[in-house]
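Quick notes on the structure that follows.
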Amino acid sequence: MDKILIHGGHPLSGSIKVSGSKNSSLPILAATLLTREPCIVHRVPDLSDTHYMLQILIHLGGQVERASGTVSVTAEKIESIAPYDVVRKMRASVCVLGPLLGRCKEATVSMPGGCVIGDRPIDLHLKGFEALGAAVRVEGGNIKVFAPKLCGAVINLRGKFGPTVLGTDNVMMAAVLAEGTTVVEGAAQEPEVVDLADFLNKMGAKIEGAGTRRLIIEGVKELHGAEHDIIPDRIEAGTFLVAGAICGKGITIKRVTPEHVKAVTNALGNCGFRLEATGDSISVSPNGETKPLELVTEPYPGFPTDMQAQMCALLSTTDGISVITENIFPQRYMHVAELKRMGAHVDLEGPTAVIQGVDHLFGAPVMASDLRASAALVLAGLKADGVTEVSRVYHIDRGYEHLDEKLSELGAHIERVKG
Ligand code: EPZ
């Protein structure tokens, strides 16, 4: 397994380009199953997660071609069974359920495993499918859904932790080919959900209200092929903004949608950094004293849970006491134990992390656990005195396109050791 070594204390400067969004690419690639015609998707990031999704599409019978960031998929004849050995590698594979149910009126997909950020139920996905007229069975570790026909319905998708992103995606992808109109209340508003709705509408779907809590989907008979550019990855963008804050003289990220990272730029501004957005670029630079923060993760447009670990790393070296409350995945603190090995002072009280900023972090061997926790350890390593060795970096490769190379372009002393 590869490791990443970071020699801390080297200030970052310069600019990098943000890749296409992982969390937009996965459901949009799944949506290509909804038509027998060719679809072309540009700016698909080169990640193990997108690689897994293409493997699943091929397994289901899709013809897939990839030329750098452009992927073409033709799903002329497809199977409706996605087996365990492919699905288990990536929880987000669950988002093939909706398109398979929409297109084939049946689907069998292995139950997604849990993961280190906590329980990952899909009860809301299944509630939505049942509301559309599907029978749902769980047997032998598989979810089986079947519907003689799908009928539009009024569905409330809000769960006790708020809306579900992939649940909204899945229900939308089943409802676009249902008979009649579906109203989804409590829908997720994330930009990636809007990007999927835009792609589906290009395919001939009739979806209104994407980006609000209420979707209205008028079912159509069939969908046709379409071409689409994936939106920039707002979480990669946020991660680099935090990198610039934690040890930058001033960096600029390009090809970003400033609106999508507002909660992060607001938080960094409140922390005392200077943020400047011009067109599709955002710069972050020091601006004197930094201040501790009280941060709460919320569904979009609130502060994203996928940026919580990265902010934990920054606030660990910000004078004063900061408090983070994780409302989406209350156990999403795998990074804390590793940050403490580097000298951070963080106390966990249920979903809340109380962070006492320290003057220095110290390089140490640390272990990546989930995608965003791993990124947080790299960011802490940029700041720490000495060398930080992050192992199990396959977690990083799942969701960041060439993170170490991009940080190196900004002046970080970082190297990947093949293991
Ligand atoms: C998506 O996961 C993202 N993944 C996650 O990003 C992100 O953290 C999450 O949304 C929240 O923004 C992709 O888009 C591929 P949810 P998703 O359903 O859709 C509960 C990353 O690092 N819930 O919005 O699976 C759930 O337990 C990843 O890129 C139910 O209770 O998350 C959680 O507490 C990590 N029942 C909350 O809702 C359900 O049926 C939000 O989960 C579904 C979810």
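Going by the working numbering, the first residue of the sequence shown is number 790, and it counts up by one from there. All C-beta atoms in this analysis are idealised placements derived from N, C-alpha and C, irrespective of residue type, glycine included.
Work out the CA separation of residue j and residue i for me, nearest whole Å.
i     : j     : result
A1015 : M992  : 5 Å
V876  : V883  : 8 Å
G930  : M900  : 6 Å
R1205 : D791  : 7 Å
R880  : N812  : 12 Å
Q844  : G850  : 10 Å
T1107 : K878  : 37 Å
I847  : I996  : 28 Å
D1136 : V1143 : 5 Å
H1149 : D1174 : 7 Å
A994  : K1010 : 9 Å
I829  : R1044 : 20 Å
V885  : S837  : 17 Å
A1164 : F935  : 40 Å
S921  : V1147 : Going by the sequence as given, residue 921 is Leu instead of Ser. Cα to Cα, L921 sits roughly 53 Å from V1147.
Y1086 : N1116 : The question names Tyr, but residue 1086 in the sequence shown is Thr. If you take the alpha carbons of T1086 and N1116, they lie about 6 Å apart.
V807  : P937  : 44 Å
V1182 : E1194 : 13 Å
K933  : I944  : 20 Å
Confirm, please, whether the CB-CB distance from residue j to residue i is below 8 Å.
i     : j     : result
I795  : G1132 : no
T824  : L1012 : yes
R1121 : Q1097 : yes
A1201 : H914  : no
I867  : T897  : no
G951  : P1090 : no
V1031 : L1103 : yes
G969  : G917  : no
T1141 : I1113 : yes
I1042 : S1070 : yes
V1167 : V1176 : no
A986  : M961  : yes
E1198 : I805  : yes
I817  : D1018 : no
G1077 : G1058 : no
Compute every distance between the C-beta of residue i and the non-hydrogen atoms of the ligand EPZ, then say whether any falls below 7 Å.
i     : result
G1188 : yes
H1017 : no
A881  : yes
A977  : yes
T950  : At residue 950 the sequence reads Phe, which differs from the Thr that was named. Under cutoff, so the answer is yes.
T839  : no
T1041 : no
P1075 : no
N945  : no
V1146 : It should be noted that the sequence gives Gly, not Val, for residue 1146. Incorrect: G1146 has no Cβ contact closer than 7 Å to the ligand EPZ.
D984  : no
L913  : yes
P827  : no
V954  : yes
F1118 : yes
D1108 : no
T1094 : yes
For residue i, tell me which candidate among the options has the shortest Cα-Cα distance.
i     : options                    : result
G1080 : T1094, A920, R1063         : Residue 1080 is actually Lys in this sequence, not Gly. Residue R1063 is the option with its Cα nearest to K1080.
L966  : D958, T953, G941           : G941
M1123 : D1148, D1159, D1136, I1110 : D1159
L1084 : V1053, P1021, T1046        : V1053
P1119 : G1008, G907, D874, I793    : G907
P980  : P872, R1023, T1106         : R1023
G1000 : K1043, T1141, V954         : V954
T821  : K806, P834, S810, M842     : M842
E1007 : S1074, L989, I1019, A1066  : L989
V905  : L1192, L1199, D1193, A1162 : A1162
N1055 : L1128, L889, V1073         : V1073
V1155 : E1138, G1139, H1134, R1130 : R1130
P910  : V927, R855, K894, A923     : V927
A819  : D958, K1207, I944, F1151   : D958
So, under 8 Å CB-CB, residue i and residue j are touching, yes? Tell me the CB distance rounded to an integer number of Å.
i     : j     : result
I1185 : A1153 : I1185 to A1153, Cβ: 17 Å. No contact.
P827  : S861  : 6 Å
L1196 : G1037 : The Cβ separation is near 11 Å, so there is no contact.
G797  : K1172 : 6 Å
L946  : V973  : 6 Å
Can you find a C-beta in chain B that's less than 8 Å from the C-beta of residue i?
i     : result
G1033 : Absent from the structure: chain B. Only one protein chain is present.
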